[in-house]
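Below is one structure, written out as structure tokens; the observations come after it.
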Amino acid sequence: MTDIDAPSRYAEPAADQSGRGGNVALVVALALGLAVAAVGVAMISREMAEPFVLAILGGLAVVGVFCLFAGAVGILHFGQTQARNDVTKAFVDNLPQGALIADQNGRVLYANEAYRSLLGLEPEMVVQAPDRAFAGNSFLAEQIFRLSRAAQQGRALREEFRLPPLGEGEEEPGVRPRWFRISVQPMPADPDSGRKGGLVVWQVDEVTADRERQEAGFEKVQQAIAYLDNAPAGFFTADGEGTIDYLNATLAQWLGLDLADAASGQLKLANIMSEDGAALIARAGRGATQGATRRFDIDLVKADGTTLPVRILHCLPRYGGNGGLAHALVLNRAPGGAEEAAAAELRFARLFNSAPIAIATVDREGTISTTNAAFVRLFGRAVDGVPARKVTLASLADADGAEALHKALDAAIAGQGLIEPVDIAFEGDKERSGRVYLSPVERAEGESEAAIAYAIDTTQQRALEMQIAQSQKMQAVGQLAGGIAHDFNNMLTAIIGFSDFLLMNHRPTDPAFQDIMNIKQNANRAAGLVRQLLAFSRQQTLRPERLQLGDVLSELSILLGRLLGENIELKLNSGSDIWPVKADLHQFEQVIINLAVNARDAMPNGGKLVIRTANVGERDSLELGQHRVPPGEYVLIEVSDTGTGMAPEVMQKMFEPFFSTKEVGRGTGLGLSTVYGIVKQTGGYIFAESELGHGTVMHVYLPRYLEVAGQVEPARAPAPARREQPKDLTGRGTVLLVEDEDAVRSFAARALGQRGYHVLEATTGTEALEMFTSYNGEVDLVVSDVVMPEMDGPTLMKHLRSERPDVKIIFISGYAEDAFRRNLSEKEDFMFLQKPFDLKELAAAVKAALQG
Numbered sequence: 007m008t009d010i011d012a013p014s015r016y017a018e019p020a021a022d023q024s025g026r027g028g029n030v031a032l033v034v035a036l037a038l039g040l041a042v043a044a045v046g047v048a049m050i051s052r053e054m055a056e057p058f059v060l061a062i063l064g065g066l067a068v069v070g071v072f073c074l075f076a077g078a079v080g081i082l083h084f085g086q087t088q089a090r091n092d093v094t095k096a097f098v099d100n101l102p103q104g105a106l107i108a109d110q111n112g113r114v115l116y117a118n119e120a121y122r123s124l125l126g127l128e129p130e131m132v133v134q135a136p137d138r139a140f141a142g143n144s145f146l147a148e149q150i151f152r153l154s155r156a157a158q159q160g161r162a163l164r165e166e167f168r169l170p171p172l173g174e175g176e177e178e179p180g181v182r183p184r185w186f187r188i189s190v191q192p193m194p195a196d197p198d199s200g201r202k203g204g205l206v207v208w209q210v211d212e213v214t215a216d217r218e219r220q221e222a223g224f225e226k227v228q229q230a231i232a233y234l235d236n237a238p239a240g241f242f243t244a245d246g247e248g249t250i251d252y253l254n255a256t257l258a259q260w261l262g263l264d265l266a267d268a269a270s271g272q273l274k275l276a277n278i279m280s281e282d283g284a285a286l287i288a289r290a291g292r293g294a295t296q297g298a299t300r301r302f303d304i305d306l307v308k309a310d311g312t313t314l315p316v317r318i319l320h321c322l323p324r325y326g327g328n329g330g331l332a333h334a335l336v337l338n339r340a341p342g343g344a345e346e347a348a349a350a351e352l353r354f355a356r357l358f359n360s361a362p363i364a365i366a367t368v369d370r371e372g373t374i375s376t377t378n379a380a381f382v383r384l385f386g387r388a389v390d391g392v393p394a395r396k397v398t399l400a401s402l403a404d405a406d407g408a409e410a411l412h413k414a415l416d417a418a419i420a421g422q423g424l425i426e427p428v429d430i431a432f433e434g435d436k437e438r439s440g441r442v443y444l445s446p447v448e449r450a451e452g453e454s455e456a457a458i459a460y461a462i463d464t465t466q467q468r469a470l471e472m473q474i475a476q477s478q479k480m481q482a483v484g485q486l487a488g489g490i491a492h493d494f495n496n497m498l499t500a501i502i503g504f505s506d507f508l509l510m511n512h513r514p515t516d517p518a519f520q521d522i523m524n525i526k527q528n529a530n531r532a533a534g535l536v537r538q539l540l541a542f543s544r545q546q547t548l549r550p551e552r553l554q555l556g557d558v559l560s561e562l563s564i565l566l567g568r569l570l571g572e573n574i575e576l577k578l579n580s581g582s583d584i585w586p587v588k589a590d591l592h593q594f595e596q597v598i599i600n601l602a603v604n605a606r607d608a609m610p611n612g613g614k615l616v617i618r619t620a621n622v623g624e625r626d627s628l629e630l631g632q633h634r635v636p637p638g639e640y641v642l643i644e645v646s647d648t649g650t651g652m653a654p655e656v657m658q659k660m661f662e663p664f665f666s667t668k669e670v671g672r673g674t675g676l677g678l679s680t681v682y683g684i685v686k687q688t689g690g691y692i693f694a695e696s697e698l699g700h701g702t703v704m705h706v707y708l709p710r711y712l713e714v715a716g717q718v719e720p721a722r723a724p725a726p727a728r729r730e731q732p733k734d735l736t737g738r739g740t741v742l743l744v745e746d747e748d749a750v751r752s753f754a755a756r757a758l759g760q761r762g763y764h765v766l767e768a769t770t771g772t773e774a775l776e777m778f779t780s781y782n783g784e785v786d787l788v789v790s791d792v793v794m795p796e797m798d799g800p801t802l803m804k805h806l807r808s809e810r811p812d813v814k815i816i817f818i819s820g821y822a823e824d825a826f827r828r829n830l831s832e833k834e835d836f837m838f839l840q841k842p843f844d845l846k847e848l849a850a851a852v853k854a855a856l857q858g
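In our numbering, each number is its position in the sequence shown, counted from 1, plus 6.
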């Protein structure tokens with residue numbers, strides 16, 4: 007088929023078969039039956055035929071009466087099918103689309119007038135389904151095949167195709183091609199119709215006008231895109247994540263980019279501007295009013311790394327642009343572009359002078375030409391009256407910073423867009439530091455500026471970073487010191503214990519007795535060092551109580567006077583109504599003594615030591631800086647001397663263990679580290695101020711202790727294992743000893759065995775649990791280490807007391823009691839013996855536990 011307007015080529019005379027009903031074969035059979043009956047009756051005699059005639063008439067009468075009753079009750083309907091078909095035909099005939107109904111064999115049952123009109127059929131022509139009507143056109147072979155296949159398979163399908171006016175691939179000038187949309191839809195057959203199989207509904211609609219409108223609109227869009235690509239201004243669209251969806255040719259040419267990069271979706275805002283600029287543009291779309299326009303003056307970065315000053319007019323679309331796609335118009339502000347209006351110049355001047363960041367312009371030699379108020383405030387008199395004084399940017403920094411600034415300035419002069427910031431120390435004030443950012447400037451003819459410098463003060467930031475680094479270092483060293491102390495305590499326990507065994511077998515007059523005593527005494531000295539390590543790592547046992555520091559210092563002054571000597575003057579300056587604190591009395595005394603001894607050693611020729619106490623309110627604590635002391639109420643203990651002072655490099659390491667400036671033999675380097683650990687474990691803070699030749703001031707801040715109304719501070723009992731030792735250390739009973747260190751277990755088992763106890767030895771908690779169960783509750787006391795493989799001491803205690811709630815337990819450990827008590831219930835009752843311990847202390851603790 008080549009011409010839709012030539013119906014004779016694909017149409018035949020039509021007929022409407024949709025209104026047919028009933029069965030013709032039944033009517034013919036009934037007529038033939040009546041005729042045969044009449045012939046048969048005629049051939050026999052009247053007497054013989056009369057019964058047959060009466061029977062036939064009676065049967066017909068019964069059928070008639072039945073039909074009358076069936077029609078009355080609604081079983082049979084007369085004339086309804088035709089009325090329903092009239093309504094259906096009227097509805098389908100008034101559809102604007104062509105509609106055709108056919109059966110599965112392709113026989114047309116009905117077609118409306120619109121269908122005839124679209125196919126150009128005359129009234130006398132027979133209608134065919136679209137798959138047959140268009141079957142002869144080679145341009146539509148694929149579409150017609152798919153539609154025909156769908157009709158056969160009972161599937162819905164729609165196809166849209168273009169029909170040339172002549173059908174030979176050549177279009178006549180002035181004659182438009184026609185577009186058709188054809189759909190096929192299966193429809194199940196009406197069960198009342200008596201027809202077997204479903205039906206197929208075809209719809210045909212001409213969409214030539216819609217297609218022409220779409221093509222016209224697409225052509226206008228293409229014209230708009232072509233105009234946008236070649237516009238004298240840049241344009242791009244970007245989503246809220248900073249991905250550029252479209253970039254016009256003008257902007258791509260300015261930046262030296264390939265349009266294919268933008269089309270691939272890989273181009274980001276950060277690729278054409280600085281990260282700060284990209285974040286600024288991306289955030290502009292968040293929370294902004296749709297349709298509102300915002301303006302940004304920033305620098306874009308070209309493909310070669312140079313910069314392009316531009317003005318960006320950013321706008322969210324009025325529909326569907328909330329936080330998503332945004333439009334941006336880019337105006338070139340390079341030299342030769344449009345000049346800034348007077349109002350914009352004034353606005354820029356106001357922003358420049360009121361900016362909180364220090365800003366200055368420098369020329370190719372690095373000379374500062376223009377500064378804002380923040381720049382003058384940051385660098386002080388060094389840049390006051392800059393235009394008359396030829397101050398260079400490099401002169402504001404120390405030697406290292408000046409060299410780095412020269413390199414950054416050379417990069418800015420070369421037009422580099424992204425220049426690394428430069429960290430400097432201020433010239434003449436090494437304690438202050440800053441960070442300088444340089445960005446290049448596109449210079450017009452006659453202009454001398456080569457770069458813009460932005461500077462911020464980083465003094466407090468660097469101090470905070472150093473403090474955090476120092477705190478992390480001290481924490482790491484503390485963990486190391488605590489681990490070393492634990493292992494040392496195990497070794498020292500064995501040394502001291504076996505020294506006691508040797509002393510039992512030697513008289514004081516024996517030559518080896520004094521050597522053994524020296525071994526034990528030095529082991530005890532080593533134990534003292536270990537206790538200091540535990541104090542530094544904040545793992546020693548504290549027994550805090552409510553203290554009035556004025557009273558404590560008054561009682562301690564007599565001892566301090568003897569320690570300082572006659573050539574050092576001691577002065578106590580205690581404020582009035584000093585707030586109470588909660589601390590361990592003996593540990594606090596150790597803090598004051600260590601600070602006083604250090605001050606004495608720093609004044610070999612005599613001097614003055616002042617210990618001052620004062621209340622520090624929350625407002626006063628804010629002045630200290632939150633990076634040093636959190637806001638709150640504190641009691642200050644200030645220890646100041648007139649000694650030699652400390653250098654900055656010494657102050658950075660003064661709290662580290664084993665660091666000492668004293669000659670060999672005059673100190674262990676654990677004094678200040680012990681002070682640091684005690685203050686931190688008490689919840690306080692300690693800082694030092696010192697200058698060579700001008701003495702040192704140590705500031706200790708302890709939190710104020712506030713008593714809760716109605717709460718009575720309980721008196722803390724002394725450690726049960728350290729109570730007064732009984733004279734008779736022998737005893738009876740079965741002791742289960744659990745210790746993973748062989749030397750400590752061997753010493754303890756031998757010591758208890760010599761005192762009359764039956765000792766069961768176990769190396770792990772699991773082994774001890776099995777042994778305890780096998781003895782059926784005959785164990786009187788369990789002496790267990792805290793840290794062990796497989797099962798630790800507290801876990802072992804839970805298992806043991808699940809079997810025997812009244813079992814008595816002594817924990818021995820190189821760590822402090824508080825290190826593991828916090829993980830146990832307050833109702834748990836046990837004794838604690840700190841390592842290292844000697845033979846008498848172990849025997850006394852065991853006897854006290856069994857008697858308790």
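The beta-carbon is built from N, C-alpha and C at its ideal position, and this holds for glycine as well.
task: Answer with buried or exposed for S646, where buried requires no fewer than 16 other C-beta atoms within 10 angstroms of its C-beta.
output: buried
task: With a cut-off of 8 Å on the beta carbons, I'd call G649 and M704 a contact; round off their distance for me.
output: Wrong, their Cβ atoms sit about 12 Å apart, outside the cutoff.
- request: Using beta-carbon positions only, say whether Y116 and G104 come within less than 8 Å of one another.
  value: no
- prompt: Between the Cα of R606 and the Cα atoms of E639, S627, R568 and W585, which residue gives the shortest distance?
  reply: Ranking E639, S627, R568 and W585 by Cα distance to R606 puts R568 first.
message: Please give the ranges of any beta strand (DSSP E) in the segment 721-805, keeping only runs that are unbroken, at least 3 residues long and fully inside the region.
response: 740-744, 764-768 and 787-791
- prompt: How about V307 and L169: do their beta carbons lie closer than 8 Å?
  reply: Not closer than 8 Å, so no.
- request: Could you tell me which residues DSSP pairs with N579 in its beta bridges?
  value: R618
query: Can you tell me whether P842 is buried or exposed, with buried defined as 16 or more other CB within 10 angstroms of its CB?
result: When all chains shown are included, P842 counts as buried.
field: Coarse secondary structure for R441, derived from DSSP in three states
entry: Look at R441 here: in three-state DSSP terms it is strand.
First and last residue of the uninterrupted beta strand (DSSP E) at M837: Counting along the chain, the beta strand (DSSP E) containing M837 begins and ends at M837 to Q840.
message: Which residue wins for smallest C-alpha separation from D99, given the options H512, R217 and S123?
response: In terms of CA proximity to D99, S123 leads the group H512, R217 and S123.
- prompt: To the nearest whole angstrom, what separates the beta carbons of S580 and G556, a pair I think is in contact under 8 Å?
  reply: 4 Å
message: At a cut-off of 7 Å, would you count P192 as near the ligand HEM, judging by its Cβ distance to the nearest heavy atom?
response: In terms of ligand content, the structure shown is empty, and the ligand HEM therefore cannot be addressed.
field: Test item: CB-CB of L758 and V765 under 8 Å
entry: yes
According to DSSP, residues forming a beta bridge with R168: W185
task: Give the straight-line distance between the Cα atoms of G27 and G223, rounded to the nearest whole angstrom.
output: A caution first: G27 carries a pLDDT of 49, below 50, which makes its placement in the model unreliable, though a value can still be read off. Going by the C-alpha atoms only, they are around 52 Å apart.
query: Which runs of the beta strand (DSSP E) fall wholly inside the segment 109-172 and span at least 3 residues, in chain order?
result: 114-117 and 163-169
- prompt: So I318 is in the alpha helix (DSSP H); what residue range does that whole segment cover?
  reply: Note, I318: premise wrong, no alpha helix (DSSP H); beta strand (DSSP E) at T313 to C321.
Burial state of Y781, where buried means 16 or more other Cβ atoms lie within 10 Å: Under this definition Y781 is an exposed residue.
task: Pair every Cβ in the segment 395-406 with every Cβ in the segment 429-444, then say whether three or more of these pairs are closer than 8 Å.
output: Judged by Cβ distances under 8 Å, the segment 395-406 makes contact with the segment 429-444, as three or more pairs qualify.
task: Select from R738, Q272 and W260 the residue whose C-alpha is nearest the C-alpha of T249.
output: Q272
message: Does D267 come out as helix, strand or coil in the three-state DSSP assignment?
response: helix
- prompt: Which same chain residues, not among the five before or five after A414, have their C-beta less than 7 Å away from its C-beta?
  reply: The residues I425, V428 and L444, in chain order, have a CB closer than 7 Å to that of A414 in the same chain once the five nearest residues on each side in sequence are set aside.
- prompt: Roughly how many angstroms separate the alpha carbons of I458 and F381, rounded to a whole number?
  reply: 12 Å
query: Are V47 and A41 touching if we call contact CB-CB under 8 Å?
result: no
- prompt: If you drop the 5 nearest sequence neighbours on each side, which residues of the same chain put their C-beta closer than 7 Å to that of F594?
  reply: L553 and V558
task: Give the range of the alpha helix (DSSP H) segment to which G240 is assigned.
output: Careful: G240 lies outside any alpha helix (DSSP H), inside the beta strand (DSSP E) at G240 to A244.
- request: Kindly indicate which residue of R738, F817 and H412 has the alpha-carbon position closest to the one of E745.
  value: F817
Test item: CB-CB of S819 and V793 under 8 Å: yes
- prompt: Hey, L508 and A529: beta-carbon distance below 8 Å or not?
  reply: no
- prompt: Given 8 Å as the limit, is there contact between the segment 359-369 and the segment 456-470, that is, 3 or more CB pairs closer than that?
  reply: yes
message: Here's the rule: buried if 16 or more other CB atoms are within 10 angstroms of the residue's CB, otherwise exposed. What is T299?
response: exposed
task: Spatial neighbours of A239 within its chain, please: CB distance less than 7 Å, with the 5 preceding and 5 following residues excluded, ordered by chain position.
output: Within the same chain, A239 has close Cβ partners T256, L335, V336 and L337.
field: Bridge partner(s) assigned by DSSP for Q191
entry: Per DSSP, V207.
task: Return the Cβ separation of Y707 and Y691 in integer angstroms, given the expectation that the two are a contact with Cβ distance under 8 Å.
output: 5 Å
- prompt: Going by Cα to Cα distance, which pick from E644, V368 and M49 is closest to F396?
  reply: The question names Phe, but residue 396 in the sequence shown is Lys. The option with the nearest alpha carbon to K396 is V368.
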